[in-house]
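Inspection log for the structure reproduced underneath, given as structure tokens.
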Amino acid sequence: MAFDGIVARCIKWELEGIAIGGRVSRVFQPERDEIVLAVRNNSVNFRLLISANPGNSRIGITNVSKENPMEAPSFCMALRKHLIGGELKAIEQVDCDRIIKLVFKTTNEMGDPVTRTLVCEIMGRYSNIVLLNENGVIIDCIKRVDERTSSYREVMPARVYMLPPPQNRILPQSEEAFDKFKEAFSEAIANGETAGTSVSQFLQKSFSGFSKRVAEALSRRAGIDPSEKICTVGADREVADSLFKAIEETLLDIKEDRYTPAIFTDGEGMYNDFHVLPVCAEGRFLSFSSASGCIDEFFKGKDEILHRKNATLELSKALKTAFERTERRLRVYENDIEESADYEDYKVKGELLAANLYALSGGEKEIKVVNYYDEELPEIVLPLDPHLSPAKNLSSYFRIYKKKKGRAENALKGKIATEKELEYLSTVRYALENVEGGESVSEIRDELIEGGYYKPRKEKGKRRPPSVKKNNFEELSTRDGVPVWAGRNNVQNDLITTKLAAPNDMWFHVKNHPGAHVILRLSLTGGAFTAGQLLDAAKIAAERSGFKSKGPCEVDYTRVRHVKKQSGARPGMVTYTDYKTIIVNIE
Numbered sequence: 065m066a067f068d069g070i071v072a073r074c075i076k077w078e079l080e081g082i083a084i085g086g087r088v089s090r091v092f093q094p095e096r097d098e099i100v101l102a103v104r105n106n107s108v109n110f111r112l113l114i115s116a117n118p119g120n121s122r123i124g125i126t127n128v129s130k131e132n133p134m135e136a137p138s139f140c141m142a143l144r145k146h147l148i149g150g151e152l153k154a155i156e157q158v159d160c161d162r163i164i165k166l167v168f169k170t171t172n173e174m175g176d177p178v179t180r181t182l183v184c185e186i187m188g189r190y191s192n193i194v195l196l197n198e199n200g201v202i203i204d205c206i207k208r209v210d211e212r213t214s215s216y217r218e219v220m221p222a223r224v225y226m227l228p229p230p231q232n233r234i235l236p237q238s239e240e241a242f243d244k245f246k247e248a249f250s251e252a253i254a255n256g257e258t259a260g261t262s263v264s265q266f267l268q269k270s271f272s273g274f275s276k277r278v279a280e281a282l283s284r285r286a287g288i289d290p291s292e293k294i295c296t297v298g299a300d301r302e303v304a305d306s307l308f309k310a311i312e313e314t315l316l317d318i319k320e321d322r323y324t325p326a327i328f329t330d331g332e333g334m335y336n337d338f339h340v341l342p343v344c345a346e347g348r349f350l351s352f353s354s355a356s357g358c359i360d361e362f363f364k365g366k367d368e369i370l371h372r373k374n375a376t377l378e379l380s381k382a383l384k385t386a387f388e389r390t391e392r393r394l395r396v397y398e399n400d401i402e403e404s405a406d407y408e409d410y411k412v413k414g415e416l417l418a419a420n421l422y423a424l425s426g427g428e429k430e431i432k433v434v435n436y437y438d439e440e441l442p443e444i445v446l447p448l449d450p451h452l453s454p455a456k457n458l459s460s461y462f463r464i465y466k467k468k469k470g471r472a473e474n475a476l477k478g479k480i481a482t483e484k485e486l487e488y489l490s491t492v493r494y495a496l497e498n499v500e501g502g503e504s505v506s507e508i509r510d511e512l513i514e515g516g517y518y519k520p521r522k523e524k525g526k527r528r529p530p531s532v533k534k535n536n537f538e539e540l541s542t543r544d545g546v547p548v549w550a551g552r553n554n555v556q557n558d559l560i561t562t563k564l565a566a567p568n569d570m571w572f573h574v575k576n577h578p579g580a581h582v583i584l585r586l587s588l589t590g591g592a593f594t595a596g597q598l599l600d601a602a603k604i605a606a607e608r609s610g611f612k613s614k615g616p617c618e619v620d621y622t623r624v625r626h627v628k629k630q631s632g633a634r635p636g637m638v639t640y641t642d643y644k645t646i647i648v649n650i651e
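Residues in the sequence shown are numbered consecutively from 65, following this note's numbering.
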């Protein structure tokens, strides 16, 4: 992600033309590391987003609306107290670095005019948002950094604010930037230790605010491989002059604030990166009129993906724990079955002892009896407790028999139920691994909560996401146009199979693997179907299943009226009869 010092400079330049003189009307904190300032200037309202998220840190105007918590976090409350009604007087950037200061003129509780500065540090995992008073003392910050976290500087309330360590690089907007670079380049060529540095790395280390994308783009503009060593470039005067020319042109663009914001895409139109310098406009890209619009569009999808990834990661951990517990329980049941497998032997021994009880007088340690349950009538020895009477020894055998039999029967029932639970968990895991969209994640989350597998953390004031009311299952069709439904998770599988499908529709599911319930809407065709329609629907079921191998895949199908959901069954779990199996090839 190329939100470097140059992009920050461009954002500062844009905001100076839009926001200076504007007043803060509202403050929101939709995420724990993100704030939004509602600003009104020249009769125009806009939202200024500042994010300290490690993966999506940025600052700029946004058009994306997010849900806010019912109760504002403490940092948001501090910003409301000090900034609402305040006028944005200045926007400053620290040494072409990713640090932007927003200076506000406002009033304190006594009505006296005061200055408040909001420092936006856009530095990846070290990003932060810090509110300062007129003396540079920290009022509050969105991420608190104590001495245990950083030995260089503390970012805590009541501490004097310190800038991050200086990098001592060339400021690209300075008048002497080009001359300083040529001097540094000559020194590097003469220095044997740094002469082996690549052109891209050298440019990044030389200029403040230059990201890897800028350095590599400059190298390619000069016709140089970014990985080429500077000693090789310095040895060819023509190549070196070409590099100097590209750098001089780019430095002039930066000084004169000539920007061309663009998002760079791959062959399939997926967003890869963004930047604002003309030199970076290579390959496939989408142009924008403003850096804020460019960045807002780039992060719109990325924010959604990140939130979905965090949600699925949390659910995956809960699901993994559920799998481990269930598998441990299954092993316990299997062990109980194994240890109790000989319960019938104790019944036989008890009956043999009962038949020979007349031969005991008490105090015996064992007795030899003929096993008349065996055709060969072998003689076996039955151990006895000499401290017990013959009748109590007999009772002991039957007591052990009943205990082991009960243990084995309970373990067998538990084993069957646990295997079904593992089968169910496999369907949830499959749905989570193939989830599309935040709504499907919410449905899976609710399913796990209802099943007792996931207990969400209680967050003060966090508004519960609204329940999904629209149908989110896939709506497809066969090649000849017959509608086909496919569930994306167990909740949707239940919906289409037990609630929406007609009894005459055809139901499909891959054999012995988790996957989608697929409904072929034959009720719209009078119940008639063709072999091609069956094949198309079966292929849809196979492609949306846990069947990972290429080649033939078995898919069961039957009329919906033969699919039953037993009382108390978990979501997505059904039984079916009168079915047939069709084989489709997975490519």
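For glycine and all other residues, C-beta sits at the position ideal for the given N, C-alpha and C.
Asked, Found
"Same chain, Cβ closer than 7 Å to K524, five either side skipped, listed in chain order", "Its pLDDT being 49, under 50, K524 is placed unreliably in this model, and the coordinates cannot settle the point."
"Nearest-angstrom Cα separation, counted from I193 out to I148", "17 Å"
"Residues near I70 in its chain [Cβ-Cβ closer than 8 Å; skip 5 each side]", "C160, P236, G273, F274, S275, V278, I318, H339, V340 and L341"
"For I123, the residue or residues it bridges with in DSSP", "I114"
"For K207, three-class secondary structure by DSSP", "coil"
"Touch test, the region 81-94 against the region 122-141, Cβ-Cβ under 8 Å, three pairs minimum", "yes"
"I647 classed as buried or exposed, judged by whether at least 16 other C-beta atoms fall within 10 angstroms", "exposed"
"CB of Y494 within 8 Å of CB of G579, strictly", "yes"
"Cβ shell of R189 (< 8 Å), same chain only, five flanking positions each side left out", "P118"
"Sufficient close CB pairs (3 or more, under 8 Å) joining the region 381-401 to the region 469-481", "yes"
"Chain-order list of residues whose beta-carbon lies under 7 Å from that of S453 (same chain, five-residue window excluded)", "G426"
"S541 - partner residues in DSSP beta bridges", "P547"
"Cβ-based neighbour list, L441, same chain, cut-off 6 Å, excluding 5 preceding and 5 following", "V434"
"Beta bridge counterpart(s) of I202 as assigned by DSSP", "L196"
"Contact between the region 290-303 and the region 322-332 (3+ Cβ pairs under 8 Å)", "no"
"Rounded distance between the beta-carbons of H626 and T645, thought under 8 Å", "Not really, about 14 Å apart at Cβ, beyond 8 Å."
"Whether I583 touches V619 by CB criterion (8 Å)", "no"
"Inter-stretch contact (C-beta, 8 Å, three-pair minimum) for the region 371-383 and the region 443-452", "no"
"First through last residue of the alpha helix (DSSP H) which encompasses D620", "From DSSP, D620 is part of no alpha helix (DSSP H) but of the beta strand (DSSP E) over G615 to R623."
"Three-state secondary structure assigned by DSSP to L101", "strand"
"Where the alpha helix (DSSP H) through M570 begins and ends", "Premise fails: M570 lies in the beta strand (DSSP E), M570 to V574, not in any alpha helix (DSSP H)."
"Within 8 Å, strictly: CB atoms of V219 and I234", "no"
"Buried/exposed call for M570, threshold 16 Cβ in 10 Å", "buried"
"Buried or exposed by the 16-neighbour rule on C-beta atoms within 10 Å, applied to L588", "exposed"
"Spatial distance of I125 from C617 (CA atoms)", "51 Å"
"beta-carbon L379 near the ligand MG non-hydrogen atom, thresh 7 Å", "The model on display carries no ligand, and the ligand MG is accordingly not part of it."
"Given N199 as reference, the closest of D210, K207, R212 and Y225 once Cα atoms are compared", "Y225"
"Helix, strand or coil at S460 [DSSP, three-state]", "helix"
"Supposed contact pair L112 and A72 - C-beta distance, whole angstroms, cut 8 Å", "No, A72 and L112 are not in contact; Cβ-Cβ is about 14 Å, not under 8 Å."
"Alpha carbon of R527 to alpha carbon of P133, nearest angstrom", "Confidence is the limiting factor: at R527 the pLDDT is only 49, short of 50, which leaves the residue's position unreliable and the question unanswerable from this model."
"Own chain, CB closer than 8 Å to L486, minus 5 neighbours either side, in chain order", "F387, T390, E391 and L394"
"Helix, strand or coil at F168 [DSSP, three-state]", "strand"
"Length of the line joining the Cα atoms of T622 and N498", "25 Å"
"Own chain, CB closer than 7 Å to A66, minus 5 neighbours either side, in chain order", "S275, R277, D337, F338 and H339"
"Meets three-Cβ-pair contact criterion under 8 Å: the region 598-607 and the region 630-639", "no"
"Residue burial classification, Q157 (beta-carbon count within 10 angstroms, cutoff 16)", "buried"
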